[in-house]
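Q: Structure in structure tokens, see below.
There are 6 protein chains.
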Amino acid sequence: MLKRLIDYNDGEELDLVVYIKNSQLRHTKNNKLYLALTFADGSGDIRGNYWDADQRDADSFSSGTIVELNGKREEYQGRPQIKIYSLRVVGPDEGYDLNQFVKSAPEKVDDMKEEINNYVFKILNPTWNRIVRYLLEKWGKRFYDYPAGKSNHHAVRGGLAYHTLSMLRDADGISRNYPQVNQSLLFAGCILHDMGKVLELSGPAATQYTAEGNLIGHLVLIDEQIMMAAQKLHLDLESEDLLLLRHMVLSHHGKFEYGSPKLPGLLEAELLHRIDDLDATVYAVTNALQHTKPGNFTEPLMSQDGKRFYRPKVDEALDNSRKLE
Amino acid sequence: MLKRLIDYNDGEELDLVVYIKNSQLRHTKNNKLYLALTFADGSGDIRGNYWDADQRDADSFSSGTIVELNGKREEYQGRPQIKIYSLRVVGPDEGYDLNQFVKSAPEKVDDMKEEINNYVFKILNPTWNRIVRYLLEKWGKRFYDYPAGKSNHHAVRGGLAYHTLSMLRDADGISRNYPQVNQSLLFAGCILHDMGKVLELSGPAATQYTAEGNLIGHLVLIDEQIMMAAQKLHLDLESEDLLLLRHMVLSHHGKFEYGSPKLPGLLEAELLHRIDDLDATVYAVTNALQHTKPGNFTEPLMSQDGKRFYRPKVDEALDNSRKLE
Amino acid sequence: MLKRLIDYNDGEELDLVVYIKNSQLRHTKNNKLYLALTFADGSGDIRGNYWDADQRDADSFSSGTIVELNGKREEYQGRPQIKIYSLRVVGPDEGYDLNQFVKSAPEKVDDMKEEINNYVFKILNPTWNRIVRYLLEKWGKRFYDYPAGKSNHHAVRGGLAYHTLSMLRDADGISRNYPQVNQSLLFAGCILHDMGKVLELSGPAATQYTAEGNLIGHLVLIDEQIMMAAQKLHLDLESEDLLLLRHMVLSHHGKFEYGSPKLPGLLEAELLHRIDDLDATVYAVTNALQHTKPGNFTEPLMSQDGKRFYRPKVDEALDNSRKLE
Amino acid sequence: MLKRLIDYNDGEELDLVVYIKNSQLRHTKNNKLYLALTFADGSGDIRGNYWDADQRDADSFSSGTIVELNGKREEYQGRPQIKIYSLRVVGPDEGYDLNQFVKSAPEKVDDMKEEINNYVFKILNPTWNRIVRYLLEKWGKRFYDYPAGKSNHHAVRGGLAYHTLSMLRDADGISRNYPQVNQSLLFAGCILHDMGKVLELSGPAATQYTAEGNLIGHLVLIDEQIMMAAQKLHLDLESEDLLLLRHMVLSHHGKFEYGSPKLPGLLEAELLHRIDDLDATVYAVTNALQHTKPGNFTEPLMSQDGKRFYRPKVDEALDNSRKLE
Amino acid sequence: MLKRLIDYNDGEELDLVVYIKNSQLRHTKNNKLYLALTFADGSGDIRGNYWDADQRDADSFSSGTIVELNGKREEYQGRPQIKIYSLRVVGPDEGYDLNQFVKSAPEKVDDMKEEINNYVFKILNPTWNRIVRYLLEKWGKRFYDYPAGKSNHHAVRGGLAYHTLSMLRDADGISRNYPQVNQSLLFAGCILHDMGKVLELSGPAATQYTAEGNLIGHLVLIDEQIMMAAQKLHLDLESEDLLLLRHMVLSHHGKFEYGSPKLPGLLEAELLHRIDDLDATVYAVTNALQHTKPGNFTEPLMSQDGKRFYRPKVDEALDNSRKLE
Amino acid sequence: MLKRLIDYNDGEELDLVVYIKNSQLRHTKNNKLYLALTFADGSGDIRGNYWDADQRDADSFSSGTIVELNGKREEYQGRPQIKIYSLRVVGPDEGYDLNQFVKSAPEKVDDMKEEINNYVFKILNPTWNRIVRYLLEKWGKRFYDYPAGKSNHHAVRGGLAYHTLSMLRDADGISRNYPQVNQSLLFAGCILHDMGKVLELSGPAATQYTAEGNLIGHLVLIDEQIMMAAQKLHLDLESEDLLLLRHMVLSHHGKFEYGSPKLPGLLEAELLHRIDDLDATVYAVTNALQHTKPGNFTEPLMSQDGKRFYRPKVDEALDNSRKLE
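Residue numbers (this note's numbering), protein chains in the order written: chain D, 248 to 572; chain E, 248 to 572; chain Y, 248 to 572; chain U, 248 to 572; chain S, 248 to 572; chain H, 248 to 572.
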């Protein structure tokens, strides 16, 4: 079997095909340029500096590029890194693609598609149903491919759809406990709430924030998409149905400080925000617990206001659960 | 049919049996004492001042007392009040009891008991199961009778059990979506989390905070009960099972500023807090929307950080839902 | 000369044509409906309750309606109010219009138009120039008619344009001090930043927040308008020019808690926010000082974090300045 | 005289008996395990990594273990560390014990006991007196041995008792200035307030937070002890005396964000909180000033909200005071 | 014995000499002027409106004026007020002075002077000693006459000196427990810390904030006084002694949000702040408890972050303590 | 041409005259002393440690000293540093002075003086005019020499005057847009607001906070100077003019948390604060953008609440602007 990044020890030389997870052109203090790179291949990741770089190198070795890495593994300041001997871009005809290097969500794309489509059927309001279908059609390829974020939660290939589906399952149970909830609106909100991330993020692997992502954000990006879809579909631009749906996506971060321009002002918007937060939290805490030994606490989780979580000495439910990342 | 409080108009005189929902002995600026009273009979409530009161009157006409009220309805500063002619304590042998004046939760006590007991069966861990049974036994009478609070949510007779049951239903669905969750611990936490309110509050009707409630609080009060139960049941006082259960109740307010001495440090504790908050929010928002006309916003809801919620012009789910209060 | 609202004393009866500045259908505690009205005629305003109202009355006597008011002026709880004898909607053919009742900004609309158009000429970038012209064309009538808000600042007819113009003047001087500023972008941002208020607010007089205003907000409303304009004008929807302009309007509140989905991320966006805030502050503080006696402090100004401002005993600049409201 | 940790220079080899102050099993990025150790012997401390460790090593070389350390002192990243040649657990029969390695509070245990017992005599209320005596009896051995914390203040052997005693002295003076204060309650509160730390911390040397400490906290831990003591002593579990004492310990952190489930609601509880804070602050600031040169500022003190303190050029009082750590 | 304000009942007419505790010229909504007055005579206070006032009336009937009040006591909106028939300024030769109407601190001025002077003797540093003596000389008359504030604590005649003295007593005990404290600096800080209030407040009775108080504040006002004193006394303006003393007064509010331009950066400054806060808190809580019945809670105390305090059913220390206000 | 600090590469030895920008005596963990130095010569700066230092070395090689540095450039932890061979203080007679090593503001001192003096002419109020002239006279040498801070903005020689002048230009335009503003007061406030920095900072190069700076702060330091100037000039110490000017400087940080003992309470004080903040922000953002490549974001700017700013791909205004640092 092929040796992977994780299999090398200090001092060993390596020559293998990996992808560049992160690439930044930096200055040393004395104004020489170098590329600070992170390599990954699905088994783990490791850093390395490419010295005396120029802008052309930065363009060649950008995030997401597949490269042949020749170098030596070293320990530096207690952390492993690669001393780079040479770096070569792997051509499209050499038979590699990013998929083989990137972790994927724990459910199959086709299964997720089918289950999500079943939820679309339950959106009974024609305005919401048509917009959801239109945007799933327009952005579906990315939607089932992208992660839900850079690092906090669901940062895996297909993570965006997986997060959406898990929320729909929660929404299903909750809306049955509370019959006063408009289930169609809640389902439509779940499906669209993070779809703007197909514009906010750069792609399924080695994802970065785009300029649109940084300057507009996925809440407003999907709102703009809804309005343009409505125009294309010749829907009434001033209908209350359209207004409610826009409010769902614009308020789903729940607090101003998380970038919602409006706070939830519908019972369904409040629920959408809470289900989103709950699903992200369960993912992040579970992931951290799976990397913690029984009887110990996780590191402080930044996504959870710095809280630390305890993994009980005996916890069969967690022991038997599927590994996330 | 008998006329009730709500049926009287300005200027009408009334003579009917009601109960005192709230009673406070106050000074006027020139140091005369009077009782500021709120009367209620299940149809609504109305205020009235009992002038030239003394401590003995305050003791006779305390919160929760059933009285015969003779007076006249007036409008004062835009709000109705009763000009009191006379007030008489109704004796225990006159055939009245508080039950007939107080609103109750929308499900029957016997039904709730049966469903909650079914959840107790699903608590598989013997330590948690025995403590839950012991405390349900010890405090059950009050548990199925008390409200969940003074005013924010579930402030109705049986509201404590109703809130608990609704949370168990949410917990059921959520723990099925996330198999890594220890369902037994989550169910035990749901049942016990607010049980300390049987000590924090004064009773099912016209409820007030007790001194224990104000100085200790229901989180620590139930924690003390758990420890004393464990001692009585000769359980291992240093077992991790006992530790986890205590942490569930002590952390369930989720934030220091809401009186949790510890933040949730278990996945199940985090979920308990969120389910508690979600159920309380759905209740409060629904209740407010039911008192709002379609196409309008509720008043700012203090329990929801001052947010206002919109009742859509068309909203069948809400229209068809059961009226809460 | 005709007597106006401000000219009546306690106990005097009046019969005059005014407009309804604010109208709210409310319940008394015993569930009777009434309309809480505020009447105004440009000389001042006064409240009055219309008892035993129904929904039809609420529709007839909505905010912005011109009415013939017959009643008596009374003092109630230290504040004057009208005891209403009768109320009649004035028909469109009776020769009244709202203009004569509402205060206007201190500069003439035609002068403001000319000066603003001069600034449009200075927007050299074709994308920004075309969008600004298109939206001024589409919404210009409202833009020169609406106030900039309900109460905090520039709450006068034409206040929106007046506030915009005053900002452009500040932006002019500031961009000359700092040549690194892109003046075209700053001017375009000034003109568009609050234009979404033509959708957020209900009109020039007796203005209210619309449902769109409450659920979407003027920042996102104008962003949607920019995108739809770009589509109509066949501009490149993915150009950086379009991105920068959208960011200007989306970030201009400067802080998340004021509803900006993004914080200013351009030097020009930072300046736009600060000029907006500065102009609003100068207006609000000046207005308060003009109502304060020399040697005294204003009331705490809610729009200024509760700060109070001192009017010096000698202050010729203020004495000579134009009265705002 | 024996050479101690502090006496070695870079490059020198050493072989001496020390104790492990802190031990953590960590992964390198490539998933190899090592122990990150801190060694100490009362003269100072120094770090060192034990490579290629396994769980058994982690158990052998846990915090608080006395070991024979053979290695070489090196400078790494500007900080000294030990390159470990070998590490051996020192057996109980080799004549060492932790006491000789750990700094102690600046007063003798017997003196502190006598003075604290004198304060117990002044607790006149029988409920408080009996509970204080009972718990001092039950936990006294640890109480006079443990530190008051891991690092912030009084982190020395016997620091818990020393902090308690210093607070009693402050409480004595303050309660004489304010005769309205219930001195018995304040003294009882001082003695019990931090006693839960005998359960929250792992021991006198190389102390760590226990799972109980992290999940329950010393405020609730001592509250539980009070309730169980009351039960054992057959005191009235519902008496106001018991309620007041529980409130004292539960509220003594003074703010929700510091883990108090209730804010001080008694004059004596407010004072307890302030005296606790004052004594801890004086200790931490004095300790920092003693490590600062005259005419300079301390580093920002995290325990004091990041404030820095100035040591005057001339300050005889400080010069003459006893060195703390 | 003479009847005082508190002795009158609703409907009774009165004609007695009182002083104006507070006077504000206000507009009714229809722009008529009136004076909102509060009358007091040491037995209590009561409000009344003087209608149709003009600026001359406002000048005549300003805060602190002694008047003959002729009117009738009425109940208005649940609070008593005076319907004023006539109001006459009492001349200086009619034998009244404010002293007889204003409550005083519970210790005699001469006793306080003597005890404070004894503390001055203990200030051993000549710079601090001379400045303290100079400023006590310059402002002593006001210092022993003024209150320490408008309402929060020590709002009685002589309250400023009483608060200072009580702090000195605390400082005495605390500095004996911690020998590292520079007692001279702490005593000097106690005496000067609030002395700027002789400029910030308008006088011993019916005290108001002066313009200096509102725009500069007592921390900086006393700092300016110290600098000017140093100049007059020909002290070294750049000495560290002078610097330390200025820092003491400038930082004594302890937090930026309370108007300290610098946070405490000396051990003694930290203690000064805490002793100040402690003494003010004990006063405010005691005062509130003395107005609360045993077994009840005080109202929320705004000066204590809204906390409420419980008065135990049995509390001899409080029962026997001197009544404050 | 002479080689400067920036011209050396890793491994090269150097022997050149530079100045010490920052010097700190530190302990290694094993209590050996060393000097952590930063060297600079206007081309850039670089760090180096001087081992085995003592207090005498710390005095010789303090911040601001010109030295002959002999050593070797090395890369350490990704950052360049100097391995020091020897260090020698350059005597005053060797022909060097700090000026040649320190960056200066982008306008000439003489030009700035002339323009600032023109603004002084426009201060029409004699009190303000005389105080401004007096203090410019007294502190002018430093005022035109010092930076405006250590690092955030205008941290260059003459930066204090340059920042002041830039604010005056803004103030000029703004006061023309708002005639209600007292221009004299605003100009006087601009000139004096930061003049206390001549006491708060240690000098034009390698500037540090003085003890006065840390314990009093430049707001109060200039306030004290104003009072002492007024005394020297025999102005009325209680005049309102003097009061207004003191308030301007004391409130100009605008918020308590930035060390203003009072919030702005004059329209002109509010404007002064905003113009100060605006000018500092424009400087800091421009400076950061000038170090950022087109199409990228700056690092998070700590002085701007961590915001990051985008440099558009096309931005002629910025491209053509003068380089700041």
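Just so it is clear, CB atoms sit at the ideal spot from N, CA and C, and this is done for glycine as well.
Could you spell out the range, first to last residue, of the alpha helix (DSSP H) harbouring glutamine 472 of chain Y?
A: Counting along the chain, the alpha helix (DSSP H) containing glutamine 472 of chain Y begins and ends at 465-479.
Q: Within the same chain, show all residues whose beta-carbon is closer than 7 Å to that of lysine 444 of chain H, passing over the 5 residues directly before and after it, in chain order.
A: Excluding sequence neighbours, lysine 444 of chain H sits near Tyr393, Ala395, Leu407 and His465.
Q: Would the segment 525-542 of chain S and the segment 500-516 of chain S be scored as touching if the rule is three or more Cβ pairs under 8 Å?
A: The segment 525-542 of chain S, when compared against the segment 500-516 of chain S, does not touch it at the 8 Å Cβ threshold.
Q: Measure the C-alpha to C-alpha separation of leucine 284 of chain H and asparagine 256 of chain U and round it to an integer number of angstroms.
A: Taking the straight line from one Cα to the other gives about 23 Å.
Q: For my contact list, serine 290 of chain S and isoleucine 253 of chain S are in at a C-beta cut-off of 8 Å; report their separation, rounded to the angstrom.
A: Right, the Cβ-Cβ distance comes to about 4 Å (below 8 Å), so this counts as a contact.
Q: Under 8 Å, do leucine 261 of chain S and arginine 335 of chain S count as touching if we go by C-beta distance?
A: Cβ atoms of leucine 261 of chain S and arginine 335 of chain S: not closer than 8 Å.
Q: Is it buried or exposed for asparagine 567 of chain S, if we count other Cβ within 10 angstroms and need 16 for buried?
A: Classification of asparagine 567 of chain S: exposed, given that the 10 Å Cβ count is below 16.
Q: Please report the distance separating the alpha-carbon of proline 541 of chain S from that of tyrosine 557 of chain S.
A: The straight-line gap from Cα to Cα measures roughly 8 Å.
Q: Where do the N-terminal and C-terminal ends of the beta strand (DSSP E) with histidine 274 of chain S fall, by residue?
A: From DSSP, the beta strand (DSSP E) with histidine 274 of chain S extends over 260-274.
Q: Tell me which residues of the segment 325-341 of chain H have at least one Cβ-Cβ distance to chain Y shorter than 7 Å, keeping chain order.
A: Those would be none; no residue qualifies.
Q: Go through its chain and collect everything with a Cβ distance to methionine 475 of chain D's Cβ below 8 Å, but skip five positions before and after it.
A: Closer than 8 Å at Cβ, skipping near neighbours: no residue.
Q: For lysine 330 of chain S, write down the residues that DSSP places opposite it in a beta bridge.
A: According to DSSP, lysine 330 of chain S bridges with S:Asn296 and S:Lys319.
Q: Please tell me whether tyrosine 255 of chain H has its Cβ less than 8 Å away from any Cβ of chain Y.
A: No, because no Cβ of chain Y sits closer than 8 Å to the Cβ of tyrosine 255 of chain H.
Q: Grab the span of the beta strand (DSSP E) containing threonine 285 of chain S for me, first residue to last.
A: Threonine 285 of chain S -> beta strand (DSSP E) spans 280-287.
Q: How close, in whole Å, do the beta carbons of histidine 440 of chain Y and leucine 519 of chain Y come, if the pair is a contact with beta carbons under 8 Å?
A: Contact holds; Cβ gap of about 6 Å.
Q: Can you tell which of E:Gln472, E:Ala305, E:Gln271 and E:Lys360 has the C-alpha that lies nearest to the C-alpha of threonine 411 of chain E?
A: For the residues E:Gln472, E:Ala305, E:Gln271 and E:Lys360, the minimum Cα distance to threonine 411 of chain E belongs to E:Lys360.
Q: Across the segment 363-383 of chain Y and the segment 485-498 of chain Y, are there enough close Cβ pairs to call them in contact, namely three or more that are closer than 8 Å?
A: Contact between the segment 363-383 of chain Y and the segment 485-498 of chain Y is present, because at least three Cβ pairs lie under 8 Å.
Q: Output the boundary residues of the alpha helix (DSSP H) element that contains histidine 494 of chain H.
A: 487-497 is the extent of the alpha helix (DSSP H) around histidine 494 of chain H.
Q: So, is the C-beta of asparagine 429 of chain D closer than 8 Å to a C-beta in chain Y?
A: Asparagine 429 of chain D does not count as touching chain Y.
Q: Using the three-state DSSP reduction, which class does serine 290 of chain E fall into: helix, strand or coil?
A: The answer is coil: DSSP assigns serine 290 of chain E none of H, G, I, E or B.
Q: Of all the CB atoms in chain S, is at least one closer than 8 Å to the CB of histidine 538 of chain H?
A: Not one chain S Cβ lies under 8 Å of histidine 538 of chain H.
Q: Extract the residue ranges of the beta strand (DSSP E) inside the segment 322-405 of chain H, only unbroken runs of 3 or more that lie entirely within it.
A: Here the runs fully enclosed are 326-336.
Q: Please work out which residues of its chain come closer than 7 Å, Cβ to Cβ, to valine 561 of chain S, disregarding the five sequence neighbours upstream and downstream, and give them in chain order.
A: There are no such residues.
Q: Along the chain, where does the alpha helix (DSSP H) that runs through lysine 433 of chain U open and close?
A: Note on residue identity: the sequence assigns leucine, not lysine, to residue 433 of chain U. From DSSP, the alpha helix (DSSP H) with leucine 433 of chain U extends over 430-439.
Q: Give the single residue among E:Asp292, E:Gly311 and E:Arg251 whose Cα lies nearest to the Cα of glycine 450 of chain E.
A: When each option's Cα is compared against that of glycine 450 of chain E, the closest is E:Gly311.
Q: Report the residues of the segment 455-487 of chain S with a CB closer than 8 Å to any CB of chain Y, ordered along the chain.
A: Those would be Ala458, Asn461 and Leu462, in chain order.
Q: Under the rule that 16 or more other beta-carbon atoms within 10 Å means buried, what is glutamine 427 of chain E, buried or exposed?
A: When all chains shown are included, glutamine 427 of chain E counts as buried.
Q: CB-CB under 8 Å to glutamine 478 of chain H, same chain, minus the five flanking residues each way: which ones, in chain order?
A: So the list reads Leu484, once near-sequence residues are dropped.
Q: Below 8 Å on the Cβ atoms is my guess for proline 559 of chain U versus glutamate 487 of chain S; work out the distance and round it to an integer in Å.
A: With a Cβ gap of about 6 Å, proline 559 of chain U and glutamate 487 of chain S count as contacting.
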